[in-house]
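Residue numbering for the sequence shown follows our numbering, beginning at 13 and increasing consecutively. What follows is a set of notes on a single structure, which appears directly below.
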Amino acid sequence: MKYNIGDTIHGFVVEQRRHVKEIGGDLYILRHTHSGALLCYVDNEDRNMTYSITFATPSHDSTGVFHILEHSVLCGSRKYPVDDPFVELMKSSLYTFLNAMTFPDKTMYPVSSMNDKDLMNLMSVYTDAVFCPLIYDNENAFRQEGWHIERDENGKPYYQGVVYNEMKGALGDPDENLYQAVFGESYEPCQYTTVSGGHPDHIVKLTYEDFIANHKKYYHPSNARFYLYGKMEIEEKLRFLDEEYLSKVEPQEAVKEPKITVKKQEKPFYCTYTADGEKTNEDYIAFTYPICEMPAFTTYLGLSVLTDILADTNYDPLKKRILDKGLAVECECEMIEDIAYPLFTIKLRHCDASRLDEIEREVTACLTECAEGLDKEAVRAKLSTTEFNLREGSAAGLTKGLYYNIQIADTWLYGYEPWRYLEYEESLETIKSIIDKGYFEDLIRVFLLWNKERNIVVMTPTEAEKKYAEPDADAAVTANDSASDQKTEKDARIPHLNIGDIDKKAVPFLTEVKGKETTYLYHPLKTDGIVYADLFFDIGQASDDELFDVSILSSLLGNIATANTDGKTLQTKLGLYTGSLSMSGSVSSYNNRVISSAVLRFKALADNYSQAAKLAEEILTKTVFDDKKAICDLIDQMVTELQLGFINNSSQIAAIRAAATHNTRDAILDKTGGLSFYQRLKALKESLDSDPESFSALKARLENVYDRFIKNGSAVYSLACDEESCDKIKDAPLPMQGSLTDSLSQAQSSLLSGNVALCAPCDIVFNGYSFNADNELSGGGLLLAKKILSLEYLWQKIRVENGAYGCGTIPNSARRLDMWSYRDPQIAITLNTFQNAAKFLSSLQLSDRALEDYIISVVRSLDNPQLPRATAYLSSVYHLLGRDNAAIQRERDELLSATLGDLNAIGDILNEYAGSASFCTVGSTEKIEANKALYDDILKL
């Protein structure tokens with residue numbers, strides 16, 4: 013529907029209108045005449061609609077008040093005084109996105125759905141939550157989500173709380189600590205120099221009174237930015253906002269984001285992070301370059317491309333120089349851009365701070381050489397990749413509506429045009445036209461070499477495990493009473509859909525087997541001119557040693573030279589002709605079938621597909637393994653990346669290791685990317701570092717698995733594109749045509765044994781648990797049981813009562829039950845909760861309405877829209893597993909007809925297997941040592 017400037021619709025007047033072709037629609041800015049609230053409406057054809065409310069909440073200290081508010085307002089509201097509306101929505105909505113996010117300068121409450129009735133329900137709950145929360149009636153939400161004091165079994169007081177534990181986990185990540193130091197040394201005190209999520213020692217200083225005062229000041233419609241996106245009945249939404257909320261409030265002045273002032277340090281700033289044991293050459297160094305307030309988009313885009321030009325791959329000039337000189341294991345550039353005053357950073361990971369002077373000289377020398385002239389073909393390749401990603405228009409885990417929402421909020425909150433960072437076409441063309449005139453060389457000179465506000469941050473490891481403040485011995489217990497004292501009005505239910513609102517038919521996966529002499533899988537999808545290709549190489553018969561070698565090989569292919577093309581030129585060609593190309597492992601199971609493959613994935617515009625396919629075949633048939641330095645650098649980076657992953661998020665790793673004791677799929681996953689893989693990779697790195705001759709043995713092993721499984725192996729080819737693109741590429745030869753087949757073998761692998769823990773330098777833990785009932789559990793009833801355990805049982809026991817940030821079951825179709833906890837302060841209590849899950853199911857009592865809500869929730873998980881690439885990949889896997897559309901429909905029918913008795917029966921089956929369940933923990937050394945009797949083996953990071 014078209015509106016003109018000056019039109020008034022339900023209390024909103026249209027102030028701006030602009031057609032933005034990059035998002036396929038018109039963007040309107042409306043102001044509510046009574047409250048002063050602003051609203052952005054993007055009118056396009058996207059059926060995945062988005063609604064959000066964003067508040068300007070510039071962080072003014074490190075108590076994490078806005079983070080705690082983000083959690084707490086979703087714990088019940090005036091219209092919906094239930095225990096946890098957020099969880100109730102997770103149970104009964106068809107949402108495609110449901111969450112809330114705290115940034116240093118804003119707080120966002122976004123929801124998305126493809127069902128208009130459902131979107132209205134989500135709008136109603138979220139709008140009431142932010143403006144009319146129950147936090148004014150009692151302190152329970154503040155204590156549960158923020159902090160409170162409990163006593164352990166010995167009577168010792170300790171701090172507890174969801175955000176408190178979340179931030180203990182977040183600040184165990186060295187990268188997070190470095191970011192905090194970078195911001196603190198780049199700006200004078202402002203929202204970016206605080207720990208906006210909250211520092212544990214400051215969180216416990218936040219009072220309930222200050223918590224309430226901040227809600228009153230910042231959570232007002234006059235300080236809100238509303239956002240509506242997609243093909244919807246817009247007037248219904250505007251009427252709702254006007255009549256239910258905005259016309260009923262007294263306007264007040266909106267919060268102005270503070271002015272940002274940069275600062276210049278005269279000497280490097282030194283800080284520390286927590287490490288585990290004695291560390292050498294594991295320092296971090298960051299060079300920071302403040303740009304300017306809200307740069308023009310051409311500058312913003314150019315600097316983003318420059319990060320890739322300098323240090324995206326090991327062959328790019330700055331990264332290559334650092335690696336060749338042995339100055340760091342990793343070097344990367346980043347444009348920290350979702351802030352009002354962006355920063356360009358050069359970050360070195362795992363280096364030696366005593367060589368700072370040498371590092372600084374080399375960085376400056378390299379930038380100076382680059383400013384004298386870059387490789388223009390390489391520059392065009394980087395720009396081409398950026399253009400590809402912009403046109404693809406998506407970000408991991410986000411709907412398109414939310415992806416655009418974040419870009420709009422980044423400028424709109426500071427008084428700049430909301431479309432400022434959406435309109436990229438003109439800037440792209442401008443940059444393309446001036447590449448040969450030294451555009452990127454000028455960026456290096458002006459914003460890096462001549463930047464007088466450049467700072468250096470040096471972060472070194474300390475052996476001591478980080479200790480946070482503890483309560484006084486006689487501190488009064490401020491226990492979280494939310495679970496028992498907060499009254500729920502059962503007649504004030506969250507608005508919900510009915511079973512009649514959902515489609516009884518499963519979403520079909522469209523897979524066609526094409527070709528005559530050589531077959532391949534084709535997925536007809538709307539891809540906007542992009543071709544997505546996957547090659548599944550069969551590694552089902554690989555031994556454990558070969559699985560390990562193939563996992564290393566997968567990280568090397570495309571990142572080292574071929575017989576025809578050196579590494580640097582190969583990267584340039586990949587940038588020019590593909591959106592990306594990479595290889596990774598894939599293991600899937602269904603019923604008793606397990607398939608294991610190494611998957612080469614690439615994407616390209618249809619016009620570039622032939623060149624992309626030729627590059628893929630060159631990589632798959634002509635890669636050489638002679639460059640010891642290149643290979644060893646990549647292995648070092650793999651070890652570093654895994655270590656950081658263990659510190660930051662190991663829930664899935666722990667669950668996989670637990671299941672690997674009785675499940676072939678998870679045994680392979682653990683050996684190719686989990687704890688077992690890490691232990692072997694670390695040993696390999698140490699051998700390569702200490703024994704120069706060990707590389708010859710590695711090279712021989714890599715050549716062996718490359719020849720056996722890739723160059724001379726068998727593969728299934730999968731292709732996804734739209735009809736127009738398919739017509740364009742119909743005559744292009746298929747890569748690896750002589751190796752293509754239509755199936756993968758049944759994978760084999762030995763199982764692991766024992767309950768294992770991995771000690772890492774952090775203050776919380778990640779737990780995983782798996783019931784061994786593979787031959788007994790199946791069908792839609794099990795999917796329903798997993799959902800109920802996640803939201804009815806684990807959420808209450810592990811998150812609400814014991815303060816973990818996250819928990820749940822792994823919602824796959826596998827015939828077993830795997831559970832996990834995330835940033836958890838407990839081990840034994842969580843283990844006990846896992847162990848009692850079967851008993852909970854056996855005795856479960858639910859109303860018919862509650863059961864129906866859960867069924868709707870599982871349907872949402874099954875039908876959640878995927879991006880084309882993910883849809884094509886999943887379709888291929890299902891085809892290879894023999895999980896056809898008929899099987900998927902049977903599972904849906906089982907789900908829709910599931911009864912409480914079915915769930916109780918699943919609990920009874922799991923009870924029979926309770927004695928053979930497995931457990932794994934990754935995290936705090938202190939907590940693991942205190943529970944060491946639970947483990948058969950304790951490993952060190």
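For glycine and all other residues, C-beta sits at the position ideal for the given N, C-alpha and C.
Counting only the Cα atoms, residue 480 lies some 38 Å from residue 373. Check the Cα spacing between residue 747 and each of 208, 922, 726: the tightest is with 726.
Boundaries cannot be given for residue 337, as no alpha helix (DSSP H) includes it and DSSP labels it neither H nor E. In this structure, residue 537 lies away from residue 744, with their beta-carbon atoms at least 7 Å apart. In this structure, residue 258 places its C-beta atom within 7 Å of the C-beta atom of residue 44. Here residue 348 is bridged, per DSSP, to 355.
If you look at residue 160, you'll find it in the beta strand (DSSP E) that goes 160-163. Segment contact: the segment 321-328 against the segment 385-394, three or more CB-CB distances shorter than 8 Å; contact assigned. Our two residues, residue 540 and residue 36, have alpha carbons roughly 12 Å apart in a direct line. Taking a contact to require three or more Cβ pairs closer than 8 Å, the segment 823-842 and the segment 777-785 qualify as touching. Taking a contact as a CB-CB distance under 8 Å, the pair residue 506 and residue 97 counts as one, their CB atoms being some 6 Å apart.
Per the C-alpha coordinates, the member of 66, 104, 914, 527 positioned closest to residue 237 is 66. By the neighbour-count definition (other C-beta atoms within 10 Å, threshold 16), residue 178 is a buried residue. For residue 424, the uninterrupted alpha helix (DSSP H) run begins and ends at 412-424, by DSSP. Note that the C-beta distance between residue 926 and residue 849 is not below 7 Å.
The beta-carbon distance between residue 737 and residue 543, rounded to whole angstroms, is 6 Å. This is short enough to meet the 8 Å contact definition. Taking 3 residues as the shortest admissible run, the segment 236-280 contains the following complete beta strand (DSSP E) segments, listed from N- to C-terminal end: 236-241. If the five residues before and after residue 690 are omitted, its C-beta is found closer than 6 Å to the C-beta atoms of 654, all from its own chain and listed in chain order. Cα atoms of residue 474 and residue 225: separation of roughly 38 Å, rounded to the nearest angstrom. For residue 711, the enclosing alpha helix (DSSP H) has its first and last residue at 706-717.
In its chain, beyond the 5 residues on either side, 59, 60, 61, 106, 108, 877 have a beta carbon closer than 8 Å to the beta carbon of residue 126.
With a minimum length of 4 residues, the unbroken runs of alpha helix (DSSP H) contained wholly in the segment 441-467 fall at 451-455. Closest option to residue 287, judged by alpha-carbon separation, among 936, 947, 140, 750: 936. Look at residue 28 here: in three-state DSSP terms it is strand. Annotation for residue 382: the continuous alpha helix (DSSP H) segment containing it runs 368-384. In this structure residue 483 touches residue 161 by the C-beta definition: roughly 5 Å separates them, less than 8 Å. Residue 210 is positioned such that its CB atom lies closer than 7 Å to that of residue 76. Using a C-beta cut-off of 8 Å, the segment 852-864 makes no contact with the segment 520-535, since fewer than three inter-stretch Cβ pairs fall below that distance. Residue pairing of residue 644 in beta bridges, as defined by DSSP: absent, with no partner found. Counting along the chain, residue 830 sits inside no alpha helix (DSSP H); it lies in the beta strand (DSSP E) bounded by residues 829-836.
Scanning 80, 585, 187, 275 for the CA closest to the CA of residue 175 turns up 80. Counting only the Cα atoms, residue 433 lies some 15 Å from residue 304.
Contiguous beta strand (DSSP E) elements confined to the segment 817-886 occur at 818-821, 829-836, taking only those with 3 or more residues.
As for any beta strand (DSSP E) of minimum length 3 sitting wholly inside the segment 717-789, the runs are 727-733, 768-772, 777-783, ordered along the chain.
For residue 298, the pairing in a beta bridge is given by DSSP as 359, 469. Put simply, the backbone Cα of residue 570 is about 35 Å away from that of residue 467.
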